[in-house]
Each structure stands twice: as structure tokens, then as C-alpha cells.
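Position 72 of the sequence shown, counted from 1, bears residue number 78 in our numbering, the numbering being contiguous throughout. Cβ coordinates follow ideal geometry from the N, Cα and C atoms, glycine included. Report on the structure given below.
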Amino acid sequence: MWAFLNGEFISKDEVRISPFDRGFLFGDSIYEVIPSYNNKLFLFHEHFERLKNSLSIINIPIPDSINNLDLLIKELIKKNKFSNQAIYIQISRGVDPIRSHVADDATLPTVFMVSTELDINPYRENPQKKGLKLSLEQDIRWKRCDVKATTLLPNIIPFHDGDKSNVDEILFHDGQKINEGSKSNVFFVFEDLIVTPPKEQNILLGVTRNYFLNRLSEEGFNVSEKEVKVDDLSKADEIWVTSSTKELQPVYKVNDIVLPEKEYKEYYWYKALKILEEDLKSNS
Ligand code: PDD
7 MWAFLNGEFI
17 SKDEVRISPF
27 DRGFLFGDSI
37 YEVIPSYNNK
47 LFLFHEHFER
57 LKNSLSIINI
67 PIPDSINNLD
77 LLIKELIKKN
87 KFSNQAIYIQ
97 ISRGVDPIRS
107 HVADDATLPT
117 VFMVSTELDI
127 NPYRENPQKK
137 GLKLSLEQDI
147 RWKRCDVKAT
157 TLLPNIIPFH
167 DGDKSNVDEI
177 LFHDGQKINE
187 GSKSNVFFVF
197 EDLIVTPPKE
207 QNILLGVTRN
217 YFLNRLSEEG
227 FNVSEKEVKV
237 DDLSKADEIW
247 VTSSTKELQP
257 VYKVNDIVLP
267 EKEYKEYYWY
277 KALKILEEDL
287 KSNS
């Protein structure tokens with residue numbers, strides 16, 4: 007397997023980064039995860055725009071090497087051979103030999119990329135598979151979750167706190183307000199209305215979230231960006247999570263609340279996945 011570091015493709019086992027990299031010392035870095043299917047990137051432009059936006063919010067200059075990021079990724083995909091891949095890109099403020107909160111002006115960003123095989127969403131292959139189990143947690147993250155920062159302690163701690171071996175995803179709430187998952191956005195279905203929390207809440211504007219919002223609305227479904235309360239969970243007919251690697255996956259249970267069951271073809275999530283499947287066929 008191959009990785010990319012600062013302009014060079016290097017074997018994954020040989021790639022090295024200095025411990026003085028500010029990404030390591032301060033978590034001073036941002037990232038993206040982009041899926042590719044049949045060697046073709048999916049929603050690249052949207053990911054690229056968000057990457058540049060994250061860099062600009064935290065004042066990391068856009069490195070020249072990412073001007074042709076799509077070509078670099080295509081090269082990586084070719085080298086790593088799997089037909090479906092998840093491409094991970096991380097950009098830090100760079101290596102600074104003296105640990106200081108204030109970076110030296112001459113610091114050049116570190117650009118790192120690697121890819122892994124992307125498993126096909128199990129719910130596309132077997133729509134009758136049991137849904138995910140979610141655990142509700144108070145959202146203690148910083149207030150700029152629109153930045154795709156690698157500083158992810160609050161997203162990770164709940165998975166390492168006691169026995170979470172059978173929890174698939176954490177659902178963050180701020181008081182009554184449900185925000186998103188630790189690694190995904192969340193959708194709810196109430197009767198025939200599909201709802202996801204609005205961008206004004208403290209969430210990452212997921213590329214997959216935006217894709218499903220647009221496509222479901224284009225296909226005539228009733229979709230809305232609206233606050234959902236913890237108290238509304240027991241009234242939900244369906245809950246889904248979305249992300250670039252998981253696509254869209256249905257939820258079976260949140261804490262002790264079990265979602266209603268029906269014939270799989272009647273679920274809105276199943277219809278949404280069919281739209282994605284069609285779009286992937288024409289993805290070029
Ligand atoms: N996670 N919200 C959070 C907190 C996320 O970390 C992610 C993605 C999403 C979904 O965003 P998108 O649809 O653009 O992937 C929402 C990635 C996949 C990860 O951390 O690996």
C-alpha cells in the first residue's frame with residue numbers, strides 16, 4: 007500500500023512524520039475522507055471545497071501541492087489498486103522544531119494522504135440486516151464543528167469509556183438539541199417527513215448529508231432541516247446516519263428506544279439508498 011507525503015508517494019510502511027509536526031503536538035490540522043467507487047471519486051468537488059474552507063478558517067495557507075489534488079488522489083487510487091477506496095487526507099500547519107503555540111512564519115504545511123479499501127455498505131447488500139445501535143452522549147465538543155479538525159478527543163472518548171463494544175455510533179446532544187454522530191450526520195423520519203439538524207447547529211456539514219438532502223428533495227420527498235429534540239426520539243419512525251464511508255445506514259436502537267419495524271422496502275432509508283445506487287452507476 008502507498009501513501010503520499012509532501013509531494014512524494016512512499017510505501018505505507020516507510021512513511022514518517024516528525025514528532026515536531028504541529029498536527030502531533032497540538033492537533034493543529036484538518037482532514038477529509040473521500041470515497042471512490044470503481045476507481046472514480048465520488049463528490050470530489052464538495053470535499054475539496056470543504057477542505058479549503060477548513061484550512062481558511064484556521065489560517066493554514068492552502069499548500070500549492072493540493073491545486074491538483076484530484077490528480078494526486080487518482081494516482082494514489084491507481085497505486086493502491088482496490089476498486090473501492092476511502093482516501094484520507096490530512097493537512098497540518100507543519101513541522102516547527104520549537105514547540106510553541108505560535109507557529110513560525112516560515113512553517114510549511116504537511117500534506118499527508120493514504121487510502122484503504124472501502125467496504126460496500128452492508129445495508130445495500132442486505133437491507134434486512136439489523137440496524138445500528140446508538141448511544142446518546144452530552145456534546146462537549148468545541149463550538150466550531152464545521153471545521154473538519156483532527157482534534158477529535160470528545161468524539162473518541164465515549165467509545166473508550168466503559169463497555170461500548172456493542173455501540174456502533176455516539177449521538178451527540180446539547181441539552182434537548184440533537185446535533186450529529188461522532189463520525190456521521192443524523193436523519194430522522196417522522197411519518198412522511200425526513201428531517202436533519204440545520205447547519206446553524208454545531209455540526210459538520212457532511213457531504214453525504216448534503217447529497218441526500220438535495221437528492222431526496224429532487225426526487226419529491228418531503229425533507230427539512232430542523233431541530234430535533236431528545237424527547238422526539240421515541241416518536242421517530244426511522245433514524246439514519248450518513249457519512250462518506252458508511253453512506254447511509256439505518257438505526258435499530260438509541261439507548262433503550264427501539265425503532266419501529268416494517269417491511270424493508272417501505273423504509274425511506276431503503277429508498278434513499280436506491281437513489282444513491284443509481285447515482286453511483288452514472289458516477290464518472
Ligand atoms: N466522518 N459528522 C462528523 C463529526 C464526522 O466526523 C463525519 C465524517 C460526518 C459526515 O461527513 P461526510 O458525509 O462529509 O463524510 C459528520 C469521517 C468519515 C471520519 O471521521 O472518518
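Asked: Around the C-beta of R105, are 16 or more other C-beta atoms found within 10 angstroms, so that it is buried, or is it exposed?; Found: exposed
Asked: Closer than 6 Å by C-beta to M7: which residues in its own chain qualify, once you throw out the five before and the five after it? Chain order, please.; Found: K18 and N86
Asked: Residue ranges of each alpha helix (DSSP H) run of no fewer than 4 residues wholly in the segment 68-99, ordered along the chain?; Found: 75-86
Asked: Is L199 near the ligand PDD, in the sense that its beta carbon is under 8 Å from a heavy atom of that ligand?; Found: no
Asked: Classify N191: buried if its beta carbon has 16 or more other beta carbons within 10 angstroms, exposed otherwise.; Found: buried
Asked: Have a look at Y274, E272 and S249 and flag the residue whose alpha-carbon is nearest the alpha-carbon of P41.; Found: S249
Asked: Give me the Cβ distance between R99 and D34, rounded to the nearest whole Å; I'm assuming they're in contact under 8 Å.; Found: 5 Å
Asked: Should I66 and I36 be called a contact, given that it needs their Cβ atoms to be closer than 9 Å?; Found: yes
Asked: Grouping DSSP H, G and I as helix and E and B as strand, with all else coil, what is D238?; Found: helix
Asked: So, with DSSP's three-state summary, where would you put D180?; Found: strand
Asked: Our contact map puts T116 next to D27 with C-beta atoms below 8 Å; I'd like the distance itself, whole angstroms only.; Found: 6 Å
Asked: What is the DSSP secondary structure of L47, reduced to helix, strand or coil?; Found: strand
Asked: Would you kindly check if the distance between the Cβ of Y274 and the Cβ of I244 is under 9 Å?; Found: Residue identity differs from the one stated: residue 244 is Glu in this sequence, not Ile. Cβ atoms of E244 and Y274: closer than 9 Å.
Asked: Looking only at its own chain, which residues have a Cβ that is under 6 Å from the Cβ of A9, when we skip the five neighbours before and after it?; Found: I16, K18, V21 and V120
Asked: Measuring only from the beta carbon, is L47 closer than 8 Å to any heavy atom that is part of the ligand PDD?; Found: no
Asked: Considering Cα atoms alone, identify which of H51, S223, L239 and G29 is closest to H107.; Found: G29
Asked: Can you say whether M126 is buried or exposed, counting buried as having 16 or more other CB atoms within 10 angstroms of its CB?; Found: For clarity, residue 126 is Ile in the given sequence; the question names Met instead. Exposed, because fewer than 16 other Cβ atoms sit within 10 Å of the Cβ of I126.
Asked: Who are the near neighbours of E14 in its chain, counting only those whose CB is closer than 7 Å to its CB and skipping five residues on each side?; Found: none
Asked: Let's see if you can read the secondary structure: which residues bound the alpha helix (DSSP H) around A278?; Found: Y274 to K287
Asked: Applying the criterion that 16 or more other CB atoms from any shown protein chain within 10 Å of the CB defines a buried residue, is A278 buried or exposed?; Found: buried
Asked: Mind checking whether the beta-carbon of L114 lies closer than 8 Å to any heavy atom of the ligand PDD?; Found: no
Asked: In its own chain, which residues sit with a C-beta less than 6 Å from the C-beta of P69, not counting the 5 before and 5 after it?; Found: P115 and V117
Asked: From K271 to G181, what does the alpha carbon distance come to, in whole angstroms?; Found: 34 Å
Asked: Where does G29 fall in DSSP's three states?; Found: helix
Asked: Does DSSP classify P160 as helix, strand or coil?; Found: helix
Asked: I need the boundaries of the alpha helix (DSSP H) containing V213, first residue and last residue.; Found: V213 to E224
Asked: If you pair each beta-carbon of the segment 194-201 with each one of the segment 162-181, do three or more pairs fall below 8 Å?; Found: no
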